[in-house]
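Working notes, structure below.
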Amino acid sequence: MMVRMGTEGDSVRVIAGRYRLEKRLGRGGMGVVWRATDQLLGRQVAVKEIAQDDSLSEEEARQHRDRTLREARAVAQLRHPHIIVVHDVVEQDERPYIVMELIDGGSLADRISTHGPVDAAEAARIGVALLGALRTAHAAGVLHRDIKPANVLLETASDEADADRVVLTDFGIAQVAGATTLTENGAFVGSPEYTAPERMSGVRTGPASDLWSLGALLCTVLSGESPFRRDSLGGILHAVVFDEIRPPEEARPLLPVVRGLLERDPERRLGAAEAERMLRAFLKTGRTPKAAAGGASPGYTPTQKDVPLRELAPPPQPSTPSPTPPATEVPPPRRSTRGVLVAALLVAAMAGAGVSAAALLMRGDDKEASPPVSSAPLTSTSAGTTSPSPTRSATPSPSKTANTPTAPSGYRVAHDPDGFALAVPEDFTRVPQGERIFYMSPGETFRLGIKMSDPAAGGPLAVMKSAAAKGADTNPGYHDGKVTDTTHYGHPAALWEFTWNGFSTAEGPRHTYDLCWEAGGRMYDVWVSAPVGKVREAKEYFDVALDTFVPEQKQ
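If you count by our numbering, then the sequence shown holds residues 3 to 557, one letter each, in order.
Rendered as structure tokens:
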């Protein structure tokens, strides 16, 4: 909702015996904003009349009013030169009203629409102001949840030499720590083009979500358009959660800040203090420094690990002959165009019933969707990879002769209910994903995968060559792929090794080892994926898994 000068509105009326509503300035989902006069103090103010939901029962309406008034009073305690001043919170005829300062000027969205994008220096100035406002709000336990150009006002400076004052407004859907929100529970709130992916994915959110929105806002003020703008709501949701993020060329001077704020993993997202430091450095020197180590926000930092994988995983499929081995990696959820459009329609149709966008994204029946894999820590190291030996020792290990794996120090034997056993590091956790079984390290930096299937035509070598030919389809940035014909304890085998870019900027470059072999009328596939800077550890996990793998009776 914008609080600004506008056209003549409806007839004059007085609320709370004090505020005379004179002009309607705007209307939005939360209600109507009026230009008004405070008759007691003789000053111009803006009054937001909170919309009522006629479908609520009397008790529900009362609770909604009480909640609105309570949270509006909490927002009124915020004091910062770049946060709209809330003068009063009143009630008239069982309807809540919020009395605010009246800003003489338009919104940032109006400015972009009228005059076009701003330069990097002005964008940095706006960013510094908003970061200061957000730091104050977050310190008080208040999340804004709807940072966008339309909710940023530019108060015209009295002196032409001065810059317009940047004012963050419309905390109408703000969330106060320990309280429910001003909107109904379960309903999606905010503007999708500026909404953080963790909110889209249904993960509990914190201050980092507002910072993502600020990153999208900076792209918009620099280029004139949000990087997530699409032709449909479904397209926007897909762009925010899945598509490659490409900041506009105009954002290049501030790219370290923009990329840091548009980090999908909130644990690694740039923090407010560090982003403000970088923008101030740009304003002073004309160059944006890199983020310092540990620049992410402290406090609660949710990740995709907060989403129950068991609820998202597709049901196990019966074992059937397959011409290809499992893809070495399971990509993040990729919804078909039809699935995205269905989700968009459901969002629109079900919003009034309190169905969240997160639920729609996560409960669809899209057969292409796969369980999410959490973002791994970013690794910038480009150390060379070391290939495992293409052939295993001619002398079977004790674990093979005894048909019972023996775990080395630091490992444990996992007797998997899908019918195999192997040694995995003690802190690895089992994560079933359809036909594939994963054992993952904390944070899912290392991913050890296993799949068993019926033999395929051409044997392991043909299967691996076919998979390698499609490597770019399943592994973004696939390169340096190599398939080697080998054996595994005397059985026909093929080793596939490659490097790729990871599924997100948070993951960074990764390297994968994948061995497929055929034995006893079954085809087995074991692989390990890890950041390129951790290939030595990955090679060890890979070798131990292969050395100790044995089929077992299903539990």
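Where a beta carbon is used, it is the ideal one built from N, C-alpha and C, also for glycine.
### Query
Would DSSP call Ala210 helix, strand or coil?
helix
### Message
Nearest by alpha-carbon distance to Ile100: which of Val528, Pro462, Glu195, Ala38 is it?
### Response
Ala38
### Message
What would DSSP say about Arg538, mapped onto helix, strand or coil?
### Response
The three-state secondary structure of Arg538, taken from DSSP, is helix.
### Message
Short of 6 Å in beta carbon distance, which residues of its chain neighbour Thr550, apart from the five on each side in sequence? Order them along the chain.
### Response
Counting only Cβ-Cβ distances below 6 Å, and skipping sequence neighbours, we find Ser401, Pro407, Leu424, Ala425.
#### Entry: Counted within 10 angstroms of its Cβ, other Cβ atoms place Pro444 as buried (16 or more) or exposed
The residue in question, Pro444, is exposed, as its Cβ has fewer than 16 Cβ neighbours within 10 Å.
### Query
Which same chain residues, not among the five before or five after Asp164, have their C-beta less than 8 Å away from its C-beta?
Cβ within range, chain order: n/a, list empty.
#### Entry: Neighbourhood of Ala404 by C-beta, 6 Å cutoff - its chain only, sequence neighbours within 5 removed
Caution is warranted here: a pLDDT of 43 is assigned to Ala404, below 50, making its placement in the model unreliable, and no coordinate value can be reported.
### Task
Within its chain, find whatever has a CB closer than 6 Å to the CB of Val18; leave out the 5 residues flanking it on each side and keep chain order.
Note that residue 18 is Ala in the sequence shown, not Val. Result list for Ala18: Val92, Gln94, in chain order.
### Burial state of Asp109, where buried means 16 or more other Cβ atoms lie within 10 Å
In the sequence as presented, Asp is not what sits at residue 109; that position holds Ser. Counting Cβ neighbours within 10 Å, Ser109 comes out buried, since at least 16 surround it.
### Query
Which one of Thr514, Ala474, Asp527 has the shortest CA to CA distance from Asn542?
At residue 542 the sequence reads Glu, which differs from the Asn that was named. Of the listed residues, the one whose Cα sits closest to Glu542 is Thr514.
#### Entry: Inter-stretch contact at 8 Å, needing at least 3 Cβ pairs: the region 287-296 / the region 144-163
no
### C-alpha distance - Arg167 paired with Val242, whole-angstrom precision
30 Å
### Task
Give me the Cα-Cα distance between Asp420 and Ala540, rounded to the nearest whole angstrom.
23 Å
### Query
Going along the chain, which residues of its own chain have a beta-carbon closer than 7 Å to the beta-carbon of Asp40, five neighbours each way excluded?
Arg20, Tyr21, Val47
### Message
Going by C-alpha to C-alpha distance, which of Glu554, Val534, Leu224, Gly236 sits closest to Phe448?
### Response
Val534
### Query
Could you give the distance in angstroms between the alpha-carbon of Ala474 and the alpha-carbon of Ser455?
23 Å
#### Entry: Closest by C-alpha distance to Glu263, when choosing among Pro249, Gly217, Ala123, Gly226
The amino acid at residue 263 is misidentified as Glu; the sequence shows Leu. Ranking Pro249, Gly217, Ala123, Gly226 by Cα distance to Leu263 puts Gly217 first.
### Message
Checking the sheet assignment: what are the DSSP bridge partners for Glu96?
### Response
Answer is none; Glu96 lacks a bridge partner.
### Message
If you reduce the DSSP assignment to three classes, tell me which class Gly128 lands in.
### Response
The question names Gly, yet the displayed sequence has Ile at residue 128. Of the three classes helix, strand and coil, the one that applies to Ile128 here is helix, per DSSP.
### Task
Would you identify the three-state DSSP class for Thr39, choosing helix, strand or coil?
In this structure, Thr39 counts as strand in the three-state DSSP scheme.
### For Leu170 and Val130, the rounded distance between their alpha carbons
12 Å
### Query
By how many angstroms is the C-alpha of Arg75 removed from the C-alpha of Asp90?
8 Å
### Task
Compare the beta carbon distance of Cys221 and Pro250 with 7 Å and say whether it is the shorter of the two.
yes
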